[in-house]
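To keep things clear, I will list the structure first and then write my remarks on it.
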Amino acid sequence: ATEILDGELFDFDTEVQPIVEVLVGRTIEQALIEVLHEEEIAEMKRQQQQIMAIREAELAELRRLELEDRKLTAEKERRILQDKIAQDLDREMQERITASKLLQGRIDTLLPDILDTVENIKDEKDREEFERQIAPWLAKEVAQEIGQMIDSKELLEDIIREVLIQKKRNLLGSSSPEMEVAVDAPEDEVDFEEEEEAEEGEHAAEAEPAEEEKKNVENGDSQ
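Adding 301 to a residue's 1-based position in the sequence shown gives its number in the numbering used here.
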């Protein structure tokens, strides 16, 4: 048999040192790698948060710009609508003025004859019949004169009423307050006043020959 004594094959303390150094070195290296990896992950998260904050700021700015653009668009549309309304009102006013001028020229030739005819009518039934006949004819003549210039019936009636009142005021040739009130009064009241004036004129005309005859008789008796 062979006897092996301690320390003849290898020295444990001497042989184990390199192995321990390698194990310790690998452990420390792995720990450093893990620490660096964690730091890298933390840096990536920090950068991601910065990017998200920048993105949120950009989105907020984009929303603000979109809201401002919508406000500008709404304001522009409102201004366009206001301009359109103003143009429509101006066009309506111009049409009213033009129609009034046309009606004045037309009524200048019609109104005197109409007023003379109405004043010469003594019977109330004949007067009403005349008004029923003359109103559609006058409306037809006015419609043919101005064509399709005015679509509003109320506007046309207002223009005709204004022109008739003005022309009647001019024909009456009086600027007294009583006459102006009579001209601006409703048609029924004006017709009633005209009838009273006509009746008073008839009574005065009938009374004048009687007065003259009475004076002649008195003069003959005195002679």
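Note that CB positions come from ideal geometry on N, CA and C, so glycine has one too. From a predicted model like this one, the values you see are computed outputs, not experimental measurements.
Ile334 and Gln350 have their C-alpha atoms some 24 angstroms from each other. If you draw a straight line from the Cα of Gln383 to the Cα of Arg371, it comes to about 18 angstroms.
Judged by their CB atoms, Ile460 and Ala400 are nearer to each other than the 8 angstroms cut-off. Taken through DSSP and simplified to helix, strand or coil, Thr303 comes out as coil. Under the three-state reduction of DSSP output, Asp312 falls in the coil class, being neither helix nor strand. Note on geometry: alpha-carbon atoms of Gln348 and Glu340 lie some 12 angstroms from one another.
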